[in-house]
Structure formats: C-alpha cells, structure tokens
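Here is the structure we will look at, set down as structure tokens.
Residue numbers (the working numbering), protein chains in the order written: chain X, 2 to 221; chain S, 3 to 483.
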C-alpha cells in the first residue's frame, strides 16, 4: 500500500475513534443534517424594483459601471459600451447570441483558444447565470454563453449582460434557482481588488480591472 | 527587523516574544491602523445584516455536524471528487504532506510553481521545503509577495502583511523588482506586482492552492479571494495541487449560502469578496487537466478526539477573532510564534503541537470574550483557552521543583481556604492583620514581598477595608431587626 493509502486508513480510523457515540454513515448523517437550524432569512422582502435598484447600487459601490436597457435596445447598448471603452479587439464565448456581436469591432470567438490568444484581446462580453442584489454579486456557471473561466479572467475589460429576471435579492434565493449544483462557478463581486497595503482598496490587480454590467429589463 | 520565528517548536514564549513588538512603535501603529479599518467596516456590515445571529447559529450547527460525521463526509468528498476526475491523497502529518506534494511536482517535472495564499501550506512549512528541493516557488497574493520578497513572516491570516506599511513595501519592491523610480502609492505598488506576476501566471504550468471549503455532496473545492491571483492559479496551469485540512469539508453546496454570507463580512468587512471560485475535479477544456487534493491531518484528529476542544476545528479562518482581540491589537501576530496568531492561534497552535510546544499561548488572552462574540461559527474560544490553561498548569505542576514554587504553594493554600468558610474568615482576619503592615496612610499598598511583588511592581493595591462585606451584611441585618 502507498503512504497515502496507509494514511487514509490511519486518519479515518482515528476519526472513527475520536467521535463518541460512534459516527453515523452518510444516510444517518443526512437525518441529522435535515434537522439543523435554518432560521436566517432565505427569501428577501424587497419589491422587484427595489431589488434591481439595490443590485445597481451595490455594483456601483464596487466601481462597476451599470447601464440599463430593454431587450430591443440591447445590441445598440452593447455597441455603445464597446465604443465607449475605447477598445476594438474583443473576445466572445461560443454561445453568445450573434446579435450581440456588434459590427465595427474585431471579434474572436472562443472555440478552444489558447491562453496567449485570449491574452491578446482587450475585452470580453458574456452573459451571466444570476445576480445577487444583496452583495452585488454576478454569478457565472460558465455555460456556453458565459464562457470558460479564462475568458473572464485575462481580458482587462469585462462587459456582462445581466437580465433583470436573473436578479435575486439574497444568496439563498440563488441557491433555490439551481436545478442541481453547478460544476464550475465564479462569483464576481466587483472588479478584482486588494487592500493588502495599509488597507487601502486598490481596484484592479490580476483579474479584469473594469467591469461593466448591462442590466436588461426583460420582465417589463 | 529582527528575525521572527513562527515555528512553534523554536519560538520564544509569548511574554518574551512580545517584547520586540512592544518596543516597535511603527509596527504597532501599522497593526492598529489596519485593525481599525477592518473593524469599522465589519461593524457596519454586520449591523446591516438583520439575521446575523441566525446565520451564526446555522453556521455553528453545520460545522459541528460536519465534525461529528467527519469520516462519512470525507469519504463522500473523496468519492465525488475522484468520480469527477480529481485525485485525492491523504497525509497524516506535515512531513507526509510535503513529500507527497514534492512527489506530485516531480511527476510533473516541475521546476517552478505558483501559489495562492494558503495558511495550511505555511503550517507545514511547504515553501522552504520545496525551495530546498530545488524548486522556485512564487507566491501570488500581494501580501504574500511582499512577505516573500522582503523575507518577512506573516502576522495575520487574512491580511498577512498588515504590519508592513507602504514605504516599507516600496523599499522591498524597488530592491527586489529592480524598480528604482517606484513611488509609495499603493496603486503603483499594486501595479508593480501585477506586472511582476503576469508572465509567471501565463507560463508556469503547476499551481498549489489551499481550500476554503470542500463540498462533500459534489466533490467541489471552493476558494475565496480578492485579487484574481487565485483565479489565475486555478484556471491557467496544467496541473493544480490543493492542500486542505481534513476539517474543511461542508456537507452540501447549499451550505455556501450560510458560509459565504458570513465569511467576507467577518474577514474583510465586505458583503462579498471580489472573487469566489468553485471547481469539481477536472473539466475538459476549462482549467487544469490534472487535479490533486491532499487532505491533511497533522494533529487535527487528536483535537477531534477531545469533545471540549473539538470546536477549534469549526474555524473557517476568517480572522474576525484576531481583529476583535485587544491583545492582538497591541501585539500584532508575530508574538504568537505561529502562522496562526490571535485568539484562534492561541488555541489551535498548542493543540496542533499536541501540547508539547506553545504552552504560553493559552495565557495570551484577557478572557474578555470579544473573540467568541465575533466568531461567525461561534467557537467558544475562552472556554477552550481555560481548558488548555488547566492542561498547561497540570503539565507544569508535574515538573519536579515546581511543588514548592510560591505560586503553586499559594494556589494550594487558596484552594483550601476557599473550600471552608471558617478557614476563609480566619484567613481574612489574618490577611487584614498582615497587610496592615504594608498599608500606607493613604490606604494603598505600594510594595509587597515575594509573589505579591509581581502585582505591586506595576500597580498599587488597595488596603483591605476594616470590615468585610460579609461582616457588614451581618451587622446590617442585626440593625434592621
């Protein structure tokens, strides 16, 4: 047996001996688990409009830029933001709707691009899975329209399209929207930041330094 | 700055280790400033959360439940992670973990490795070991870069370089990155770190991370960070090695709704940290294609076996206890002689050392309870401190030569006196008589001999009043009759 296998048995034996009365198996543990207290707020009390306003407020507190638009106006809103960014070379996940790929810009579509190719681009446009208003968090599950993890990491500028129907008030409400736990997740709460030097918050370390969110009013 | 020892086996006892800090006003100012900023932000965000106590209750219950069923959840995690393409390894102690990681790196033919901040790797002193084996190890968290390039030691588990100020950072970066014209503007310093690391992220194919949580239900690993250096290390390399203490497991994905609402607020006073990553084994086309988890015991199962002390393992490493601690605020982290400072360090370190080292740490507390109040998973740190103190005292008592130590002699006598009312009253009478010899006209005692001198060295003692409360009460009862 390898050291790791021996240690595995050693550790599990010690855990077994440490817990008295003897621990349950997973099914027994599940019974106890179901009885754990959960009295915290699982459902927010804000109206739909208040919730969206809170999401916008939080994102702006993180120095993210937020633009509101309608589904009809969305392609134009995207084009306007791309132009305003002063950049011309963008990357898009393979599943991004084609009508979002505004003319007059250079687009690279990710069909398994290399890290170097992604590093060459100046910005990225993606969709999102969900937005959590309470903390201003953008949830990515890295689906075809949200892109691989590296796409929203290397480019310095991230434009994220969030539909108002995707915005929930609290983190537990996001959990309730999951059909099953996702395999890959990134929670983004504002652009990359550090406070390591004298607790002074500096925006932009390694991730994108600029986060722009277009909130699409798709429920109106 | 003098050499700081963070290996509990070699570190000086707290009362000695603290002296250089107390004599260093710059260091104390840096620490106090950082703590004040975090505490102000945390206070605001905790007040805003109306269900804070309910979240704490749930978090405490979930973490306790995990520890009571640790074996089942670890096996579930291993099964799920393996099914998703990850490889799970087990290490009984620090040495095994180091050897295992080195072996994995050798299989990769790695000569360089990038790292996300992980306190667990600091616990097992991984960096010096890998460097001695000929590898180049690059820390990527800004604070860790400051420490690594400046050859300094961490003093906090969330903001490890909070004892270093901007001009010190400037000096380190200017010297080690060869940037002579660098200013001390934090923005410029941060930018320097970004440039220093960019190429390393893009080219070094092997990374080491810690884990904030392991999810048993899915086999996923969660890492919470701010800068994006974590995402770089978790996404770009070909191979990722994650080192995690066995206690880091959570039963279900859903438990994140409790933990993540508490963690960032407690740690940095943010509603949510900028980036949280979760991944599950290996995903084709996205992220590292070889993924190893090393599960580390290193004394944890021994803590688990002691019911009163077990709660130490509930810790989610948010550092709220050290930010709240009046002792830490004055001393900073180095005096604790461990990579885990503050109240949690004061209970965790001696236990990880199986009570063979760091015995002074349980005494490095005023027992005010601020740590317990701040702890998001409700670890009753004062309770564990007291338990460990009694163990240390028992260790000391058994040492020869301590039997006639005036302190222990005095405590044995006190033990006797407090047990019998008659003896207690007699002692009060004798004490009043004896202390009268030392009581000055102003009613204060300024000097006492022997162990009593330990008190009067630094403060005066009020002389005993002519009448005890007990006597006064009895007299009062007689009068009112």
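Cβ atoms here follow ideal geometry from the backbone N, Cα and C, with glycine treated the same way. Model, not experiment: these values are computed from the prediction.
Simplified DSSP assignment, three categories, for residue i
i, result
"residue 117 of chain S", "strand"
"residue 235 of chain S", "helix"
"residue 214 of chain X", "strand"
"residue 454 of chain S", "helix"
"residue 3 of chain S", "Residue confidence is low: residue 3 of chain S scores 44 on pLDDT, short of 50, so the model does not pin down where it sits. Its coordinate-derived value is still stated next. In this structure, residue 3 of chain S counts as coil in the three-state DSSP scheme."
"residue 414 of chain S", "helix"
"residue 162 of chain X", "strand"
"residue 39 of chain S", "helix"
"residue 118 of chain X", "helix"
"residue 97 of chain S", "helix"
"residue 74 of chain S", "helix"
"residue 482 of chain S", "helix"
"residue 222 of chain S", "strand"
"residue 111 of chain S", "coil"
"residue 127 of chain S", "coil"
"residue 401 of chain S", "coil"
"residue 140 of chain S", "strand"
"residue 18 of chain S", "helix"
"residue 124 of chain X", "strand"
"residue 441 of chain S", "strand"
"residue 52 of chain S", "coil"
"residue 256 of chain S", "helix"
"residue 33 of chain S", "helix"
"residue 393 of chain S", "helix"
"residue 475 of chain S", "helix"
"residue 184 of chain X", "coil"
For residue i, the nearest candidate out of the options (CA to CA)
i, options, result
"residue 350 of chain S", "S/371, S/374, S/386", "S/386"
"residue 210 of chain S", "S/424, S/325, S/246, S/184", "S/246"
"residue 295 of chain S", "S/93, S/31, S/61, S/14", "S/93"
"residue 193 of chain X", "X/157, X/169, X/178", "X/157"
"residue 324 of chain S", "S/318, S/316, S/334, S/357", "S/334"
"residue 183 of chain X", "S/117, S/217, S/123, S/453", "S/217"
"residue 248 of chain S", "S/305, S/240, S/200", "S/305"
"residue 260 of chain S", "S/113, S/98, S/62, S/220", "S/62"
"residue 233 of chain S", "S/198, S/255, S/281", "S/281"
"residue 448 of chain S", "S/432, S/434, S/465, S/436", "S/465"
"residue 314 of chain S", "S/345, S/288, S/122", "S/345"
"residue 302 of chain S", "S/49, S/87, S/399, S/356", "S/356"
For residue i: DSSP bridge partner residues
i, result
"residue 132 of chain X", "X/139, X/168"
"residue 94 of chain X", "X/111"
"residue 8 of chain S", "Bridge partners of residue 8 of chain S: none, in fact."
"residue 367 of chain S", "BP columns for residue 367 of chain S are empty, so no partner."
"residue 277 of chain S", "X/189, S/227"
"residue 244 of chain S", "S/211, S/295"
"residue 61 of chain S", "DSSP, once it has assigned bridges, lists no residue as partnering residue 61 of chain S."
"residue 463 of chain S", "S/447"
"residue 92 of chain S", "S/297"
"residue 203 of chain X", "X/195"
"residue 251 of chain S", "S/216"
"residue 285 of chain S", "S/288"
Buried versus exposed, by CB contacts within 10 Å (16 or more), residue i
i, result
"residue 1 of chain X", "The question about residue 1 of chain X has no answer, for chain X in this structure spans 2 to 221."
"residue 347 of chain S", "buried"
"residue 23 of chain S", "buried"
"residue 160 of chain S", "buried"
"residue 361 of chain S", "buried"
"residue 12 of chain S", "exposed"
"residue 10 of chain S", "buried"
"residue 438 of chain S", "exposed"
"residue 475 of chain S", "exposed"
"residue 181 of chain X", "exposed"
"residue 133 of chain S", "exposed"
"residue 166 of chain X", "exposed"
"residue 460 of chain S", "exposed"
"residue 432 of chain S", "exposed"
"residue 101 of chain X", "buried"
Chain-ordered neighbours of residue i on chain A, where CB pairs are closer than 8 Å
i, result
"residue 26 of chain X", "No chain A appears in the structure shown, which is made up of the protein chains X and S."
*Would you list, in sequence order, the uninterrupted beta strand (DSSP E) runs of no fewer than 3 residues that lie entirely inside the region 146-219 of chain S?*
Those beta strand (DSSP E) runs which fall completely within the region 146-219 of chain S and span 3+ residues are 208-211, 215-217.
_Complete beta strand (DSSP E) runs within the region 5-73 of chain X (minimum length 3 residues, chain order)_ = 66-70
*Please specify which runs of the alpha helix (DSSP H), each continuous and at least 4 residues long, are wholly inside the region 300-362 of chain S, giving them in chain order.*
Complete alpha helix (DSSP H) runs here, min 4: 302-306, 322-326, 328-333, 344-354.
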